[in-house]
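S.K.: Below is the structure I would like to discuss, written out as structure tokens.
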Amino acid sequence: MIFPRFISREVEQFFRSVLADVLSTREKSGIVRNDFLQLLIQIKAKGQLPPTQQDKLSYENTNKLSTGENTNYGDEDILAHATTFFLDGYETSALTLSFILLELALNIDIQEKLRTEIDEVLDEDQGELSYDAINRMKYLGMVVSETLRLHPPGLFLARVCTKTCEIGESPGPVLKVEQGTVVTIPINSLHMDPQYFPDPERFDPERFSDDNIQQKLRFVYLPFGEGPRQCLGM
């Protein structure tokens, strides 16, 4: 059986070299950082990670906590995950920025409103574009959120059911989901459902204003997933 390569050998060698240097530096100097690479290093060394308090709180109502399982991790596994982290963050960010520019080009009134907000914030900060300044651009956040609704980076999520359960209650329909079943969550279908987002094909950042965002149902807006298994960048 032939398995196609997703990245070139040159790219693979680049990541392999960078990772080897980082692992060597951390091991020799004893550097411990609060990042995902450090978690992978811990798994490699100990074969498992203990459950965190956040995990326990996230799952206390669903009784689906599953931690402490032994895992055989090596440098190849760390390389695979590290490469995935980079590629997932690069392509999705590039596509999202492209769609933001497209929607602003198609909706001049929204573009002008956003431009006004950006100019006002920059004037307050003497033209300095800082992290704090970006956080004060509320309408910019609304534009980004609405873009992610119309053009989510991924069209679906796939999760494995860890415990047999039933969805629904009698006398209505009841669906039994067996342990090990792969459950697919259609993100695009949820984002385009008029029950949750009226006139779903219209680009409307006001859906995510402070007044309207409170009305959104949880687990309906899922551009980055939800819960402890959401996107690593969140």
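For the sequence shown, the UniProt record's numbering assigns the number 1 to the initial residue and increments by one for each residue that follows. No residue lacks a Cβ here, since even glycine has one placed at the ideal position from N, Cα and C. In this text, all values refer to a predicted model and were calculated from it rather than measured experimentally.
(1) Could you tell me if residue 237 is buried or exposed, where buried requires 16 or more neighbouring beta carbons within 10 angstroms of its beta carbon?
(2) Take H151 and list the residues in its own chain whose beta-carbon comes closer than 6 Å to its own, dropping the five residues that flank it on each side.
(3) So I185 is in the beta strand (DSSP E); what residue range does that whole segment cover?
(4) Under 8 Å between the Cβ atoms of P153 and T96?
(5) How is the beta strand (DSSP E) around residue 315 delimited, first residue to last?
(6) CA-CA distance, Q13 and A158?
(7) For L87, which residues from the same chain have a beta carbon less than 8 Å from its beta carbon, with the 5 sequence-adjacent residues on both sides left out?
(8) Taking the alpha-carbon positions, what's the D77 to F36 distance?
(9) Give every residue of the same chain whose Cβ lies closer than 6 Å to the Cβ of L19, excluding the five residues on either side of it in the sequence, and list them in chain order.
(10) So, are the CB atoms of P200 and P194 less than 8 Å apart?
(11) Taking all protein chains shown into account, decide if P223 is buried (16 or more other Cβ within 10 angstroms of its Cβ) or exposed.
M.R.: Walking through what the data contain:
(1) Past the edges of the chain, shown from 1 to 234, lies residue 237, and the structure says nothing about it.
(2) Translated into positions along the sequence shown, residue 151 becomes position 151. Within its own chain, the residues whose Cβ lies closer than 6 Å to the Cβ of H151, once the five positions on either side in sequence are excluded, are F99, listed in chain order.
(3) By one-based count along the sequence shown, residue 185 stands at place 185. Residues 182–186.
(4) Position 153 of the sequence shown, counting from 1, holds the residue named residue 153. Position 96 of the sequence shown, counting from 1, holds the residue named residue 96. Cβ distance < 8 Å, so P153 and T96 count as in contact.
(5) Only positions 1 to 234 of the chain appear in this structure, which leaves residue 315 out of reach.
(6) Taking the first residue of the sequence shown as 1, we reach residue 13 at position 13. Taking the first residue of the sequence shown as 1, we reach residue 158 at position 158. Spanning the alpha carbons of Q13 and A158 requires a straight line of approximately 30 Å.
(7) Counting from one through the sequence shown, the residue named residue 87 turns up at place 87. I7, listed in sequence order.
(8) Residue numbering aside, residue 77 sits at position 77 when the sequence shown is read from its first letter. Residue numbering aside, residue 36 sits at position 36 when the sequence shown is read from its first letter. The C-alpha of F36 is placed about 13 Å away from the C-alpha of D77.
(9) As a working mapping, residue 19 is identified with position 19 in the sequence shown. If we look at L19 and ignore the five residues flanking it on each side, its Cβ neighbours are L79, A82.
(10) Counting from 1 along the sequence shown, the entry for residue 200 is found at position 200. Counting from 1 along the sequence shown, the entry for residue 194 is found at position 194. It is a contact, given that the beta carbons lie within the stated cut-off.
(11) Numbered from its first residue, the sequence shown carries residue 223 at position 223. Buried, because 16 or more other Cβ atoms sit within 10 Å of the Cβ of P223.
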